[in-house]
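Peer 1: What follows is a single structure, and I will ask about it in a moment.
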Amino acid sequence: MRTDLKQLMDALGVGYILTPYATCPWSAYDGEKGITASAEVRMNNDGTEVEAELQFMYDAPVDGKFMEQMIWICFKPIVAGQWSPVALRIKGKDETGSVYDWEKKSCNLFLACVSDLKMDIVPDFDVLLDREMGGGERWQDARQGGGSKSPKIKPQALLGMKNGRGF
1 MRTDLKQLMD ALGVGYILTP YATCPWSAYD GEKGITASAE VRMNNDGTEV
51 EAELQFMYDA PVDGKFMEQM IWICFKPIVA GQWSPVALRI KGKDETGSVY
101 DWEKKSCNLF LACVSDLKMD IVPDFDVLLD REMGGGERWQ DARQGGGSKS
151 PKIKPQALLG MKNGRGF
């Protein structure tokens, strides 16, 4: 995925072009669950890097954590003003290149989270993760299986092929 800065900002839900040191934040709080969701898109000081991040902060710690980074995406200009994601972490795990079309899917996931935050809803991250990062395309990972170069052959299915039960 290569795109200009304006299209990148639109894909992340910002709607305007960030300048160096600029940030675009969103947040929502769910009192019943005790979760504050905070997302932001920010540009570094010299305009050569953009980061998009979503964090959950818990009123009561979950597994000893008060805060959890749900998604973090780093974008850099590749050639002639075209920006592209170069790194992706989901729940602290490096997912860069682990899913087919991860560049576009990670932007769609972040935008889905931001859309919920704009409506003052804490996003259900796991549901959005399955919806946006899963799929039926080729070259899939452990989330949806598929894409294996060595098919699993069951020997019992091959027995009796010459008796007309084969092809």
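Quick note, in this note's numbering, the sequence shown goes up one by one and the last residue is 167. Ideal Cβ placement from N, Cα and C applies to all residues, glycine included. The structure presented is a predicted model; accordingly, all values stated were derived computationally and were not measured.
(1) Where does the unbroken beta strand (DSSP E) through Leu-88 begin, and where does it stop?
(2) In the structure shown, what three-state DSSP assignment does Arg-2 receive?
(3) Asn-44 to Met-119, Cα distance in whole Å?
(4) Considering only C-alpha positions, which residue in the set Gln-55, Asp-94, Phe-75 and Trp-72 is nearest to Phe-66?
(5) Alpha carbon to alpha carbon, how far is Ala-80 from Leu-129? Give it in angstroms, no decimals.
(6) By Cβ distance, which residues of its chain are closer than 8 Å to Gly-64, with the 5 residues on each side in sequence left out?
(7) What would DSSP say about Asp-141, mapped onto helix, strand or coil?
(8) Taking the C-alpha atoms as reference points, what is the distance between Glu-40 and Ile-78?
(9) The alpha helix (DSSP H) that contains Ser-115, what's its start and end?
(10) State the DSSP-derived secondary structure class of Val-127, mapped to helix, strand or coil.
(11) When you compare only the Cα positions, how much space is there between Asp-116 and Cys-74?
Peer 2: So, to answer that:
(1) Per DSSP, the continuous beta strand (DSSP E) segment holding Leu-88 begins and ends at 82-90.
(2) Coil at Arg-2, not helix or strand.
(3) A straight line joining the alpha-carbon of Asn-44 with that of Met-119 spans about 27 Å.
(4) It is Gln-55.
(5) Going by the C-alpha atoms only, they are around 32 Å apart.
(6) Cβ neighbours of Gly-64 within its own chain (closer than 8 Å, five residues either side excluded): none.
(7) Because Asp-141 carries a pLDDT of 49, less than 50, the predicted location of this residue cannot be relied on, and the following value inherits that uncertainty. In this structure, Asp-141 counts as coil in the three-state DSSP scheme.
(8) Distance between Glu-40 and Ile-78, taken at the CA atoms: about 22 Å.
(9) Unbroken alpha helix (DSSP H) run through Ser-115: 102-118.
(10) The DSSP-derived three-state label of Val-127 is helix.
(11) Going by the C-alpha atoms only, they are around 21 Å apart.
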